[in-house]
Amino acid sequence: MARLAAVLALMLLAGPAAADEVSPDRAARLQHLVLQDCGSCHGLTRKGGLGSPLTREALGGADPHAIAGIILDGLPGTAMPPWRPLLTETEALWIANYLLEEPAE
Amino acid sequence: MTSIAPLSRRAVLGLAAAGLLAAATARAETPCCATGDLGLIVERATGSLIVVDQSERAAVGRIEGLGDLSHASLVYSPDERYAFVFGRDGGLTKVDILARTIVKRVVQAGNSIGGAISDDGRLVAVSNYEPGGVRVFDADTLDMVADIPTGSKTVGLVDAPGRRFVFSLWDAGATWIADMSGAAPAITKLAGVGTNPYDGLITGDGRTYIAGLFGEDGLVRIDLWAKRPKPERILPHYGRGREKLPVYKMPHLEGWALAGDQFVLPAVGQHEVLWMDARDFREVARTPTHGQPVFAMARPGGRQVWVNYAHPLNDTIQVIDSQSHEIVHELTPGPAVLHMEFTARGTEVWVSVRDADRVDIYDAVTFEKLGEITAKSPSGIFFTARAHRIGL
Chain A
624 MARLAAVLAL MLLAGPAAAD EVSPDRAARL QHLVLQDCGS CHGLTRKGGL
674 GSPLTREALG GADPHAIAGI ILDGLPGTAM PPWRPLLTET EALWIANYLL
724 EEPAE
Chain B
66 MTSIAPLSRR AVLGLAAAGL LAAATARAET PCCATGDLGL IVERATGSLI
116 VVDQSERAAV GRIEGLGDLS HASLVYSPDE RYAFVFGRDG GLTKVDILAR
166 TIVKRVVQAG NSIGGAISDD GRLVAVSNYE PGGVRVFDAD TLDMVADIPT
216 GSKTVGLVDA PGRRFVFSLW DAGATWIADM SGAAPAITKL AGVGTNPYDG
266 LITGDGRTYI AGLFGEDGLV RIDLWAKRPK PERILPHYGR GREKLPVYKM
316 PHLEGWALAG DQFVLPAVGQ HEVLWMDARD FREVARTPTH GQPVFAMARP
366 GGRQVWVNYA HPLNDTIQVI DSQSHEIVHE LTPGPAVLHM EFTARGTEVW
416 VSVRDADRVD IYDAVTFEKL GEITAKSPSG IFFTARAHRI GL
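Respectively, the protein sequence lines represent chains A and B.
Just so we're aligned: 671 in the numbering used here is position 48 of the first sequence, and the numbers increase by one with no gaps anywhere.
Just so we're aligned: 78 in the numbering used here is position 13 of the second sequence, and the numbers increase by one with no gaps anywhere.
What follows is the structure, encoded as structure tokens:
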């Protein structure tokens, strides 16, 4: 939780990307989603599987909005589904920033 | 005391028998050596396994240190003592379920997705995403005996009779049959299987390999008894042009998918299971379901099929009658039901409820809940009876 708090603080400091609409409770659930459900295809350590690796290094400082776009709309022709039915744009951006900032376990 | 007379042959035999009896009694008092009703449950987030006792409906031990166990699966040695665990991180770990220890662990690839054990129990094969292909190991030593690169993410690896392994190539749309009965692997490559095969199964008789396709509506079957096995499309166009729904978790085909004289298969991108005649491979029915099916598993005997679902509808299980194809029962064990495992004769079903950190045990006939076991983020449940099933 300390790490989560640190990430949240970091994101608040980050300015426009600040996910002030994502409550700490929701953030914890999004973090769980990344680990467990994104992890089904991308690995619990985010090193990839059927899906591509999602470690900080693999994402290589990509634009968080571009990542959020992939999360929301998926990648046609691949197994990456659109998450728009389940996530808001703010939540997708929160996940994008989380992936870019948070080292995988 | 007089000197001991030479023991008669009969006395010697008698003593030996007494010794054996004592040893047998000691074994009986120490319930250490029977594994027939044991099993292993994967704790995916902590890289550990729980050893469970089916009769006791209890956890009896834990084995730790197995790495990234997301999507982990395992197979058993013929004596049901050892399990070979396939981790996502490329780790292949041999564990002793009696001693509850790791016997050996090798990280054989960067990223892997399941494995199989040969029919004679001598070889363990692992299918890998990175680098793509299959690597085969000696079951005793875990020394690599064959490396079969495919240039593709490799999925749906099963054992087939005759010391063979069958697997599919996600990127290449192919299925390969590796015959390991000779000095070097003999590979038969079947192209044109279809777009993005995502998993495979082999029937209990070892005859039919079925791969599911993610990239198109339909599945493919290969008759391994044929002189020249070839891919044949089955259930083509089951989506019938309907828009695909998002698939938040890939279905799994491995399992007890044969219900009597029908296969039951999860549709991809549709909230349905598909029923197919096992003789002519034609669709006989479909059942609308609660969500995207992940596992459709027939209770041993085939009377009913239990189905769990993909995120976010994964708190529910539906039970479908294999004769009427109607849903006869629905239960909601809790958040993130990942896997189900039947006891060998189908009396009970154990259900992993990942986000409740629990495994629930149900009577498979009355649906009554019989017990539960605490586990950390449980996923796959594997009972030792799998040791004696082709394809498991």
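From the three backbone atoms N, C-alpha and C, an ideal C-beta is built for every residue, glycine too.
Distance check for tyrosine 194 (chain B) and glycine 175 (chain B), CA to CA, integer angstroms please.
Residue mapping note: residue 175 (chain B) aligns to position 110 of the second sequence, counting from 1. Residue mapping note: residue 194 (chain B) aligns to position 129 of the second sequence, counting from 1. For glycine 175 (chain B) and tyrosine 194 (chain B), the distance between alpha carbons rounds to 8 Å.
Taking all protein chains shown into account, decide if arginine 200 (chain B) is buried (16 or more other Cβ within 10 angstroms of its Cβ) or exposed.
By one-based count along the second sequence, residue 200 (chain B) stands at place 135. By the neighbour-count criterion, in which 16 or more other beta carbons inside 10 Å mark a residue as buried, arginine 200 (chain B) falls on the buried side.
Determine which residues of the region 310–340 of chain B have a Cβ less than 8 Å from any Cβ of chain A, and write them out in chain order.
Pro311, Val312, Tyr313, Lys314 and Met315
Would you check if there are 3 or more beta carbon pairs closer than 8 Å linking the region 265–277 of chain B to the region 246–256 of chain B?
Three or more beta-carbon pairs separated by less than 8 Å are not found between the region 265–277 of chain B and the region 246–256 of chain B, which leaves the two stretches without contact.
For the beta strand (DSSP E) that contains threonine 713 (chain A), what are its first and last residues?
Mapped onto the first sequence, residue 713 (chain A) falls at position 90. For threonine 713 (chain A), there is no enclosing beta strand (DSSP E); the residue is part of the alpha helix (DSSP H) that begins and ends at 712–724.
So for glycine 265 (chain B), helix, strand or coil by DSSP?
Here residue 265 (chain B) refers to the residue found at position 200 when the second sequence is read from its first residue. Strand at glycine 265 (chain B).
With aspartate 420 (chain B) and glycine 666 (chain A) assumed to form a contact (beta carbons below 8 Å), what rounded beta-carbon distance in angstroms separates them?
Counting from 1 along the second sequence, the entry for residue 420 (chain B) is found at position 355. Counting from 1 along the first sequence, the entry for residue 666 (chain A) is found at position 43. That pair is no contact at about 18 Å.
Is the region 229–237 of chain B close to the region 197–215 of chain B, with three or more CB pairs under 8 Å?
yes
Below 7 Å on C-beta distance, what does histidine 136 (chain B) contact in chain A?
Here residue 136 (chain B) refers to the residue found at position 71 when the second sequence is read from its first residue. Within chain A, the residues Ser663 and Gly672 have their CB atoms less than 7 Å from the CB of histidine 136 (chain B), given in chain order.
Spatially closest choice to aspartate 144 (chain B) from B:Ala137, B:Gly155, B:His136 and B:Asp102, by CA coordinates:
Start at 1 with the first residue of the second sequence, and residue 144 (chain B) comes out as number 79. Nearest option by C-alpha distance: B:Asp102.
Reduced DSSP secondary structure (H/G/I, E/B, other) of glutamine 119 (chain B)
One-based indexing of the second sequence puts residue 119 (chain B) at position 54. Correct three-state label for glutamine 119 (chain B): coil.
Between the Cα of alanine 702 (chain A) and those of A:Gly672, A:Leu656 and A:Thr711, spot the shortest distance and give me the residue it belongs to.
Translated into the one-based positions of the first sequence, residue 702 (chain A) becomes position 79. Of A:Gly672, A:Leu656 and A:Thr711, the residue nearest in Cα terms is A:Gly672.
Residue-level contact to chain B via CB, leucine 705 (chain A), 8 Å cutoff:
Counted from its first residue, the first sequence places residue 705 (chain A) at position 82. One detail in the question is off: residue 705 (chain A) reads as proline in this sequence, not leucine. Yes - at least one Cβ of chain B is within 8 Å of the one on proline 705 (chain A).
State yes or no: is the beta carbon of alanine 685 (chain A) nearer than 8 Å to at least one beta carbon in chain B?
In the first sequence, residue 685 (chain A) corresponds to position 62, counting from 1. Chain B, which has no Cβ nearer than 8 Å to the Cβ of alanine 685 (chain A), makes this no.
Among B:Val140, B:Ala99, B:Gly152 and B:Glu121, which residue has its Cα nearest to the Cα of serine 113 (chain B)?
Here the question's residue 113 (chain B) lines up with position 48 in the second sequence. Selected option, being the one with the closest Cα: B:Gly152.
So, is the C-beta of phenylalanine 346 (chain B) closer than 8 Å to a C-beta in chain A?
Stepping through the second sequence from its first residue, residue 346 (chain B) is reached at position 281. For phenylalanine 346 (chain B), the answer is no, since every Cβ of chain A falls outside 8 Å of its Cβ.
Interface residues of chain B around threonine 711 (chain A) at Cβ under 9 Å?
For the purposes of this step, residue 711 (chain A) is identified with residue 88 of the first sequence, where counting begins at 1. The contacting residues do not exist; threonine 711 (chain A) stays about 14 Å from chain B at best.
Measuring alpha carbon to alpha carbon, tell me which of B:Asn379, B:Leu278 and B:Asp212 ends up nearest threonine 260 (chain B).
Start at 1 with the first residue of the second sequence, and residue 260 (chain B) comes out as number 195. The shortest Cα separation from threonine 260 (chain B) among B:Asn379, B:Leu278 and B:Asp212 belongs to B:Leu278.
Inter-residue Cα distance where the pair is alanine 409 (chain B) and proline 365 (chain B):
Counting from one through the second sequence, the residue named residue 409 (chain B) turns up at place 344. Counting from one through the second sequence, the residue named residue 365 (chain B) turns up at place 300. If I take the Cα positions, the gap works out to 7 Å.
Between proline 708 (chain A) and chain B, is any beta-carbon pair separated by less than 8 Å?
For the purposes of this step, residue 708 (chain A) is taken as the residue at position 85 of the first sequence. For proline 708 (chain A), the answer is yes, since a Cβ of chain B falls inside 8 Å of its Cβ.
Run through DSSP, which three-state label would histidine 404 (chain B) get?
Against the second sequence, residue 404 (chain B) aligns to sequence position 339. It is a strand residue.
In terms of residue numbering, what span does the beta strand (DSSP E) encompassing serine 389 (chain B) cover?
One-based indexing of the second sequence puts residue 389 (chain B) at position 324. Element bounds for serine 389 (chain B): n/a, residue is neither H nor E.
Do you know how far the Cα of phenylalanine 447 (chain B) is from the Cα of leucine 105 (chain B)?
Position 40 of the second sequence, counted from the start, is the residue given in the question as residue 105 (chain B). Position 382 of the second sequence, counted from the start, is the residue given in the question as residue 447 (chain B). Approximately 5 Å between the Cα atoms of the pair.
Please report how far the alpha carbon of valine 231 (chain B) lies from the alpha carbon of tryptophan 241 (chain B), in whole angstroms.
Looking up residue 231 (chain B) in the second sequence gives position 166. Looking up residue 241 (chain B) in the second sequence gives position 176. Those two C-alpha atoms are separated by around 6 Å.
Environment of tryptophan 290 (chain B) [buried if 16+ CB atoms lie within 10 Å]
Position 225 of the second sequence, counted from the first residue, corresponds to residue 290 (chain B). So tryptophan 290 (chain B) counts as exposed.
Find out if the Cβ-Cβ distance for the pair tyrosine 141 (chain B), alanine 440 (chain B) is shorter than 8 Å.
Here residue 141 (chain B) is taken as the residue at index 76 of the second sequence, counted from 1. Here residue 440 (chain B) is taken as the residue at index 375 of the second sequence, counted from 1. Cβ distance not < 8 Å, so tyrosine 141 (chain B) and alanine 440 (chain B) don't count as in contact.
What number of angstroms, rounded off, separates the C-alpha of alanine 650 (chain A) from the C-alpha of glutamine 659 (chain A)?
Counting from one through the first sequence, the residue named residue 650 (chain A) turns up at place 27. Counting from one through the first sequence, the residue named residue 659 (chain A) turns up at place 36. Approximately 14 Å, taken between the alpha carbons.
Report the option in B:Ala256, B:Trp340, B:Leu157 and B:Ile162 whose CA atom is closest to the CA atom of isoleucine 385 (chain B).
Translated into positions along the second sequence, residue 385 (chain B) becomes position 320. The option with the nearest alpha carbon to isoleucine 385 (chain B) is B:Trp340.
Which residues share a DSSP beta bridge with proline 331 (chain B)?
Stepping through the second sequence from its first residue, residue 331 (chain B) is reached at position 266. Its beta-bridge partners are B:Val338.
Is the beta carbon of isoleucine 426 (chain B) closer than 8 Å to that of valine 402 (chain B)?
By one-based count along the second sequence, residue 402 (chain B) stands at place 337. By one-based count along the second sequence, residue 426 (chain B) stands at place 361. Going by C-beta atoms, valine 402 (chain B) is not nearer than 8 Å to isoleucine 426 (chain B).
Neighbourhood of valine 484 (chain B) by C-beta distance below 8 Å, restricted to the same chain and skipping five residues each side:
Absent from the structure is residue 484 (chain B), since the part of chain B shown begins at 66 and ends at 457.
With a CB to CB cut of under 8 Å and the five nearest residues on each side skipped, what residues in its chain are close to threonine 219 (chain B)?
Walking along the second sequence from the start, residue 219 (chain B) turns up at place 154. The answer, listed in chain order, is Ile178, Ser192, Asn193, Tyr194, Gly197, Gly198, Val199, Phe232, Ser233, Leu234 and Trp235.
From the DSSP output, read off the bridge partner residues of leucine 698 (chain A).
If you number the first sequence from 1, residue 698 (chain A) lands on position 75. In DSSP, leucine 698 (chain A) forms no bridge with anything.
Answer with yes or no whether the minimum CB distance from alanine 702 (chain A) to chain B is below 8 Å.
What you label residue 702 (chain A) is simply residue 79 of the first sequence in a count that begins at 1. At least one chain B Cβ lies under 8 Å of alanine 702 (chain A).
Are there 16 or more other CB atoms within 10 angstroms of the CB of cysteine 661 (chain A), so buried, or fewer, so exposed?
Here the question's residue 661 (chain A) lines up with position 38 in the first sequence. Cysteine 661 (chain A) should be labelled buried.
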